[in-house]
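Chains as they are written, first to last, in the numbering used here: chain A, 1 to 111; chain B, 1001 to 1114. No residue lacks a Cβ here, since even glycine has one placed at the ideal position from N, Cα and C.
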Amino acid sequence: LAKTTQPISMDSYEGQEVNITCSHNNIATNDYITWYQQFPSQGPRFIIQGYKTKVTNEVASLFIPADRKSSTLSLPRVSLSDTAVYYCLVVLSGNTGKLIFGQGTTLQVKP
Amino acid sequence: ETGVTQTPRHLVMGMTNKKSLKCEQHLGHNAMYWYKQSAKKPLELMFVYNFKEQTENNSVPSRFSPECPNSSHLFLHLHTLQPEDSALYLCASSQDSGRAKTQYFGPGTRLLVL
């Protein structure tokens, strides 16, 4: 399974755009890139998933360059409620659904 | 509200007790999972069930015993636990266990073993 590396923590202010980059140098052809969000004492929540180029939904955008060795989660105009841990995962398309969570990035949004 | 419920939300038990955690999903999914999240550690996958059959046991000690009577319910039976088993236990479900399916997590059971 491809290992992911992301910053341990980030700080931002309300209204700013936040970009969290994840590296996954050993990503395989059939792997997808998935991001989850977790608030304290809650289960993780799916944010977005992509394979290549750009994916956008109502919550975030995911940018994946052509070599797919990294990806960037973009959160537009964050608010205090976006303070959470964000996990970048590489998920095999055909395996047993195994998600390997790393330490994630703790995002602190300040007023 | 993710469609995955867990009970109880909090549990305190002694090392000699036997208790069970319950998970129920209302999403029509066929795969269910147990995860453990200890303080300041990443989530660890414990068990995977797909169409009621266990497909993965991530070297979990036998004092944790899962049960999946149908695709909507998942139990984790606990007996003779250790204090280091204190953690947040999370249940998740997905459409099935393959092809990068999104997993939906419940709120978790916060377990304290004394």
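Handout entry: Minimum C-alpha distance to Phe1064(B) - residue among His1029(B), Val1004(B), Tyr1089(B) and Lys1052(B)
Key = Within the second sequence, numbered from 1, the residue matching residue 1064(B) stands at position 64. Answer by Cα proximity: Tyr1089(B).
Problem - Contact set between the segment 36-57 of chain A and chain B, restricted to residues whose Cβ is under 8 Å from the partner - result: Within the segment 36-57 of chain A, the qualifying residues are Ser41, Gln42, Gly43, Pro44, Arg45, Phe46 and Gln49.
Practice task
Please list the partners that Gln1082(B) has in chain A, where partner means a Cβ-to-Cβ separation under 8 Å.
Solution key: In the second sequence, residue 1082(B) corresponds to position 82, counting from 1. Identification of chain A residues near Gln1082(B) by a Cβ-Cβ cut-off of 8 Å yields none; the smallest Cβ-Cβ distance measures about 22 Å.
Problem - Proximal residues of chain B, C-beta to C-beta of Gly102(A) below 7 Å - result: Your numbering for residue 102(A) matches position 102 in the first sequence. Neighbourhood of Gly102(A) in chain B, by CB distance below 7 Å: Pro1042, in chain order.
Practice task
Taking Gly1106(B) and Gly43(A) to be in contact with their CB atoms under 8 Å, please state how far apart those CB atoms are, rounded to whole angstroms.
Solution key: For this step, residue 1106(B) is matched to residue 106 along the second sequence. For this step, residue 43(A) is matched to residue 43 along the first sequence. Going by Cβ atoms, the distance from Gly1106(B) to Gly43(A) rounds to 5 Å, so yes, they are a contact pair.
Practice task
Identify the contact partners of Leu99(A) in chain B, using a Cβ-Cβ distance below 7 Å as the criterion.
Solution key: Taking the first residue of the first sequence as position 1, residue 99(A) is located at position 99. At a beta-carbon threshold of 7 Å, the residues of chain B lying near Leu99(A) are Leu1045 and Gln1103, ordered along the chain.
Practice task
Please check if any C-beta of chain A sits within less than 8 Å of the C-beta of Gly1106(B).
Solution key: On the second sequence, position 106 is the one that residue 1106(B) refers to. Yes, because at least one Cβ of chain A sits closer than 8 Å to the Cβ of Gly1106(B).
Handout entry: Amino acids of chain C, ordered along the chain, whose beta-carbon sits closer than 8 Å to that of Arg1110(B)
Key = Of the protein chains in the structure, A and B, none is chain C.
Problem - CB-CB length for Thr34(A) against Val91(A), believed under 8 Å - result: Here residue 34(A) refers to the residue found at position 34 when the first sequence is read from its first residue. Here residue 91(A) refers to the residue found at position 91 when the first sequence is read from its first residue. Distance from Thr34(A) to Val91(A) at the Cβ level is roughly 5 Å; contact confirmed, criterion being Cβ atoms closer than 8 Å.
Exercise for the section: Go ahead and label Lys1036(B) buried or exposed: buried means 16 or more other beta carbons lie within 10 angstroms of its beta carbon, across all protein chains shown. Expected result: Here residue 1036(B) refers to the residue found at position 36 when the second sequence is read from its first residue. By the neighbour-count criterion, in which a residue is buried when 16 or more other Cβ atoms sit within 10 angstroms of its Cβ, Lys1036(B) is buried.
Practice task
Report the neighbours of Leu1088(B) on chain A: residues whose CB is nearer than 8 Å to its CB, in chain order.
Solution key: If you number the second sequence from 1, residue 1088(B) lands on position 88. Proximity of chain A to Leu1088(B) at the Cβ level (cut-off 8 Å) is accounted for by Ser41, in chain order.
Handout entry: Cα-Cα separation between Val78(A) and Phe39(A), rounded to whole angstroms
Key = The residue given as residue 78(A) occupies position 78 in the first sequence. The residue given as residue 39(A) occupies position 39 in the first sequence. It is roughly 15 Å from the alpha-carbon of Val78(A) to the alpha-carbon of Phe39(A).
Exercise for the section: State yes or no: is the C-beta of Lys3(A) nearer than 7 Å to some heavy atom of the ligand GTP? Expected result: The ligand GTP is not among the ligands present in this structure, which contains no ligands whatsoever.
Practice task
Kindly indicate the opening and closing residues of the beta strand (DSSP E) around Phe1051(B).
Solution key: By one-based count along the second sequence, residue 1051(B) stands at place 51. Here Phe1051(B) belongs to no beta strand (DSSP E), and DSSP marks it neither H nor E.
Exercise for the section: Pick out whichever of Met10(A), Gly50(A), Asp11(A) and Thr21(A) has its Cα sitting closest to the Cα of Thr29(A). Expected result: Here the question's residue 29(A) lines up with position 29 in the first sequence. Nearest option by C-alpha distance: Gly50(A).
Problem - Closest Cα partner of Lys1052(B) within the set Asn1058(B), Cys1068(B), Leu1112(B) and Ala1087(B) - result: Residue numbering aside, residue 1052(B) sits at position 52 when the second sequence is read from its first letter. Of Asn1058(B), Cys1068(B), Leu1112(B) and Ala1087(B), the residue nearest in Cα terms is Cys1068(B).
Practice task
Look at the alpha carbon of Ala1031(B) and the alpha carbon of Pro7(A), and state the distance between them as a whole number of angstroms.
Solution key: Within the second sequence, numbered from 1, the residue matching residue 1031(B) stands at position 31. Within the first sequence, numbered from 1, the residue matching residue 7(A) stands at position 7. Going by C-alpha positions, Ala1031(B) is about 31 Å away from Pro7(A).
Handout entry: Run of the beta strand (DSSP E) containing Asp1085(B), from where it starts to where it stops
Key = Residue 1085(B) sits at position 85 when you count from the first residue of the second sequence. Element bounds for Asp1085(B): n/a, residue is neither H nor E.
Handout entry: Local conformation of Leu1116(B) per DSSP, three classes
Key = Nothing can be reported for residue 1116(B), as the shown portion of chain B is limited to 1001 through 1114.
Handout entry: Which residues DSSP lists as bridging Ala1092(B), in chain order
Key = In the second sequence, counting from the first residue as 1, residue 1092(B) sits at position 92. In the DSSP assignment, Ala1092(B) forms a beta bridge with Tyr1033(B) and Phe1105(B).
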